[in-house]
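Structure first, then comments.
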Amino acid sequence: MRIDVISIFPDYLSALDISLIGRARQDGLLDVRVHDLREYTHDRHRTVDDTPYGGGAGMVMKPEPWAEALEAVAADSPVERPTLLVPTPSGTVFSQPLARELAEHEHLVFACGRYEGIDERVFPWAAERFDVRLVSLGDYVLNGGEVAVLAMVEAVGRLIPGVVGNPESLVEESHEDGLLEYPVYTKPSSWRGHDVPPVLLSGDHGKIAVWRRAQQLERTRQRRPDLLAEEPSA
Ligand SMILES: O=C(OCc1ccccc1)c1cn[nH]c1
1 MRIDVISIFP DYLSALDISL IGRARQDGLL DVRVHDLREY THDRHRTVDD
51 TPYGGGAGMV MKPEPWAEAL EAVAADSPVE RPTLLVPTPS GTVFSQPLAR
101 ELAEHEHLVF ACGRYEGIDE RVFPWAAERF DVRLVSLGDY VLNGGEVAVL
151 AMVEAVGRLI PGVVGNPESL VEESHEDGLL EYPVYTKPSS WRGHDVPPVL
201 LSGDHGKIAV WRRAQQLERT RQRRPDLLAE EPSA
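The sequence shown begins at 1 in the UniProt record's numbering and counts up one residue at a time.
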């Protein structure tokens, strides 16, 4: 998979050089390229933002640098229609199913917004060449898209075969089966007066599986009842 990230803070993405993603890059499983949006400006101040039409506080990212950066990325894309992911509080919610879908794509391009956002016209313009997805990581506001991109690259990258050592560890995960994950324990079995639930020491794998499923349901009911909400009956 090829991943391009465009940002005015490319160094923010250096975290992608470390650990799992870093090794996947070395192993050639992931081809991650980070681009500085200011390389696509032509004025002395390398201007990427300007005041908002209609007034209001803050600044808006100018459309032209984005168009030039996206054209450059599309020019040497391995596919006809790369997927352009734009983190924004006003996007559809990122999820494990979406991460699984994106892990099948050949070329992902991430646009990191800053300030009050990117000029809206960039999205219909980009839609000529990209499958444009505005994606939210949650109902809160960050200063820019870089942190959200790190999260999405990790969520998607770890699903790519070979990136995570033991693919088994990808299956039993929160949200993989729509429920939260059961609690996990390791040695010592008694620790500062807190003991591991005895069932886990019983060696009875059937009982352990039943106990774990019950824990998933109880946790999901307590912390995320929304995940259990019944589909509205047709
Ligand atoms: O703040 C976010 O994205 C960065 C961003 C993009 C555009 C303008 C301001 C900030 C975000 C919050 N949830 N998901 C994404």
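Positions of the beta carbon are idealized from the N, C-alpha and C atoms, including for glycine.
Please classify residue i as buried or exposed, where buried requires at least 16 other C-beta atoms within 10 Å of its C-beta.
i, result
"Leu150", "buried"
"Asp27", "exposed"
"Ile18", "exposed"
"Ser202", "exposed"
"Ala111", "buried"
"Leu13", "buried"
Does the Cβ of residue i lie closer than 7 Å to at least one heavy atom of ligand 1?
i, result
"Thr88", "yes"
"Ser7", "no"
"Gly157", "no"
"Gly178", "no"
"Val109", "no"
"Ala148", "yes"
"Gly117", "yes"
"Tyr12", "no"
On a Cα-Cα basis, can you pick out the residue from the options that is closest to residue i?
i, options, result
"Glu138", "Ser95, Asp50, Arg38 and Val34", "Contrary to the premise, residue 138 reads as Gly rather than Glu in this sequence. Gly138 has its Cα closest to that of Ser95, out of Ser95, Asp50, Arg38 and Val34."
"Pro89", "His42, Met152 and Leu134", "Leu134"
"Met61", "Gly55, Val73 and Thr47", "Thr47"
"residue 242", "Ser7, Asn143 and Ile118", "Any property of residue 242 remains undetermined from this structure, which presents the chain solely from 1 to 234."
"Leu84", "Arg38, Arg114 and Ala127", "Ala127"
"Arg33", "Thr41, Ile21 and Arg44", "Ile21"
"Asp36", "Leu98, Ala69 and Arg81", "Ala69"
"Ser136", "Glu218, Thr92, Ala15 and Val163", "Thr92"
DSSP beta-bridge partners for residue i?
i, result
"Trp125", "None; Trp125 has no bridge partner."
"Arg81", "None, per the DSSP bridge assignment."
Mapping the DSSP letters down to three states, classify residue i as helix, strand or coil.
i, result
"Leu195", "The question names Leu, but residue 195 in the sequence shown is Asp. Strand, per DSSP."
"Gly206", "helix"
"Leu98", "helix"
"Gly56", "coil"
"Pro87", "strand"
"Ile118", "strand"
"Arg25", "helix"
"Ala234", "Any reading at Ala234 must be qualified, since the residue scores a pLDDT of 48, below 50, and its modelled position is unreliable; the value itself is stated next. Ala234 falls in the coil class under three-state DSSP."
"Gly157", "helix"
"Met1", "coil"
"Thr220", "helix"
"Leu137", "coil"
"Asp76", "coil"
"Val149", "helix"
Using a Cβ cut-off of 8 Å (strictly closer), state whether residue i contacts chain C.
i, result
"Ile208", "No chain C is present in this structure, which holds just one protein chain."
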